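In this note's numbering, the protein residues as written are 131 to 279.
Built from N, CA and C at the ideal position, the CB exists for glycine as well.
Because the structure is a prediction, the values reported are computed rather than measured.
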């Protein structure tokens, strides 16, 4: 795997979870979520890309257990389009089925109850999404499902 940071997002209507890798691209860690507010979203996203200069972006793509797109899939596709206007790095849509379940379990194991974990869950889900992308990259050379405009 090439050295360099990778970034991931768990898109939500209110909060967008964010995770980033270390400079070597091997360890994913949560960052603070960013509010999904129209007035500051572009500024917040640009700041992340300027600070971290990621090699690629992984965005959790919500699909049903059947594999069909969910109602939220269109919103995530619009978010990916917005990212493509900020960064020229590749964007991958990562199957996010069960990432919230995994994030909730991790937070419970860390001793946080659901109320205390509410502000952490989005970025933990983004971390799970980024871990999935990293695993795909290790196995195949790049994550699956590249987003195309």
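Taking buried to mean at least 16 other C-beta atoms within 10 Å of its own C-beta, is residue 210 buried or exposed?
Taking the chain shown and counting its residues from 1, the one referred to as residue 210 is at position 80. By the 10 Å Cβ count, residue 210 comes out buried.
At least three beta-carbon pairs within less than 8 Å, the segment 175 to 192 to the segment 209 to 226
Contact between the segment 175 to 192 and the segment 209 to 226 is present, because at least three Cβ pairs lie under 8 Å.
Return the residue from the list 270, 254, 271 that minimises the CA-CA distance to residue 145.
Position 15 of the chain shown, counting from 1, holds the residue named residue 145. Cα-wise, what sits closest to residue 145 is 254.
Among 173, 225, 177, which one has its Cα closest to the Cα of residue 197?
As a first step, residue 197 must be located in the chain shown, where it is residue number 67. Nearest of 173, 225, 177 to residue 197, Cα basis: 225.
Which of the three DSSP states is assigned to residue 159 in this structure?
As a working mapping, residue 159 is identified with position 29 in the chain shown. Strand.
Distance CB(residue 136)-CB(residue 188) smaller than 9 Å:
Here residue 136 corresponds to residue number 6 of the chain shown, with the count starting at 1. Here residue 188 corresponds to residue number 58 of the chain shown, with the count starting at 1. Yes. Within cutoff.
Just list the residues that DSSP pairs residue 190 with in beta bridges.
Residue numbering aside, residue 190 sits at position 60 when the chain shown is read from its first letter. Answer by DSSP bridge pairing, in chain order: 224.
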